[in-house]
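Enquirer: My questions will all concern the structure given below.
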Amino acid sequence: MSILEVRKFPDPILSEHATEVRKIDGRIAGLLNSMVDTMYVARGIGLAAPQVGVLERALVVDTDPDNRGRKLIKIINPVIVEASGEISYEEGCLSIVNFTAEVERAQRVLVRGWSVDQKEIEIEAENLEAVCLQHEIDHLEGKLLTDHISRLKREMYRKRLKRGFKANGAPAGDGSPRI
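Quick note on the numbering used here: the sequence shown kicks off at 112 and runs consecutively.
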């Protein structure tokens with residue numbers, strides 16, 4: 112098991128666009144496996160490669176972490192090809208400590224991408240799974256949860272974050288699961 116460091120806001124890598132994975136090989140398979148381990152240890156339900164410092168289009172999602180692997184998705188170069196409906200969901204993020212925001216997203220999505228077996232795959236998702244896929248794909252575009260809120264709320268969060276750092280430089284966490 113390999114646990115990776117989850118980058119935290121305002122790390123500039125989180126605002127960068129990830130590049131397409133050109134070659135699906137053992138390196139990318141290993142990265143995805145390490146991302147899964149990291150996601151579970153961090154009590155998250157999704158993780159994108161930029162969140163662990165890798166600017167490549169890859170992500171993992173598991174909206175049922177109590178039954179690890181049952182709903183696990185690993186996808187390379189994901190693209191949303193269809194989206195419908197609307198859902199509002201209170202989202203958190205492993206990269207944004209002690210912050211949640213109500214975000215409007217598509218209720219259903221069809222995502223196309225590639226598996227680690229180099230097969231093109233399609234994932235039809237709805238509700239929480241659709242929200243999670245959209246959230247992680249946002250990370251691949253350099254878009255954060257804080258980009259979905261007003262500028263005033265974003266600045267208030269930045270100030271609160273600066274005040275909330277412990278003496279060792281690490282922000283306090285509340286322990287709740289994050290996307």
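Ideal placement from N, C-alpha and C gives every residue a C-beta, glycine not left out.
#1: Any idea what DSSP makes of A140, helix, strand or coil?
#2: To the nearest whole angstrom, what separates the beta carbons of H128 and E213, a pair I think is in contact under 8 angstroms?
#3: Where DSSP assigns a beta bridge to T130, which residues make up the other side?
#4: What residue range does the alpha helix (DSSP H) around R265 cover?
#5: Between V220 and the rest of its own chain, which residues show a CB-CB distance below 7 angstroms, the 5 nearest in sequence each way excluded?
#6: Under a Cβ-count criterion, where at least 16 other Cβ atoms within 10 Å of its own Cβ denotes burial, should N188 be classed as buried or exposed?
#7: Measuring CB to CB, does A159 end up less than 8 angstroms from L142?
#8: Using only the alpha-carbon positions, how far apart do S226 and R274 sit?
#9: Find out if the Cβ-Cβ distance for the pair G155, I248 is shorter than 8 angstroms.
#10: Of the choices H259, E197, V208, whose alpha-carbon is the least far from that of L239?
#11: Use the C-beta contact count for E231: other C-beta atoms within 10 angstroms, 16 or more gives buried, fewer gives exposed.
#12: According to DSSP, is L256 helix, strand or coil?
#13: Short of 8 angstroms in beta carbon distance, which residues of its chain neighbour Q229, apart from the five on each side in sequence? Order them along the chain.
#14: Pick out whichever of G137, L170, E201, Y151 has its Cα sitting closest to the Cα of N178.
#15: For I248, report the span of its alpha helix (DSSP H) as first-last.
#16: If you follow the beta strand (DSSP E) that T174 is in, where does it begin and where does it stop?
#17: So what does DSSP say about S226, is it helix, strand or coil?
#18: Can you find the residues in the same chain that come closer than 7 angstroms, C-beta to C-beta, to D175, ignoring five residues on each side of it along the sequence?
Expert: This is what the structure gives:
#1: A140 sits in a helix when the DSSP states are folded into three classes.
#2: With 8 angstroms as the limit, H128 and E213 do not qualify as a contact, their Cβ atoms being about 26 angstroms apart.
#3: E167
#4: Segment 262 to 275, the alpha helix (DSSP H) holding R265.
#5: I191, E193, A194, A236, A241, L244, Q245
#6: buried
#7: With contacts defined by Cβ atoms closer than 8 angstroms, A159 and L142 do not form a contacting pair.
#8: Roughly 42 angstroms separates the two Cα atoms.
#9: no
#10: The residue with the shortest Cα to Cα distance from L239 is E197.
#11: exposed
#12: helix
#13: Setting aside the 5 residues that flank it on each side, Q229 is surrounded in the same chain by I135, each with a C-beta closer than 8 angstroms to its C-beta; the list follows chain order.
#14: Y151
#15: 239 to 251 is the span of the alpha helix (DSSP H), which, as asked, contains I248.
#16: First-last for T174: undefined, no H or E at that position.
#17: Coil.
#18: R181, K182
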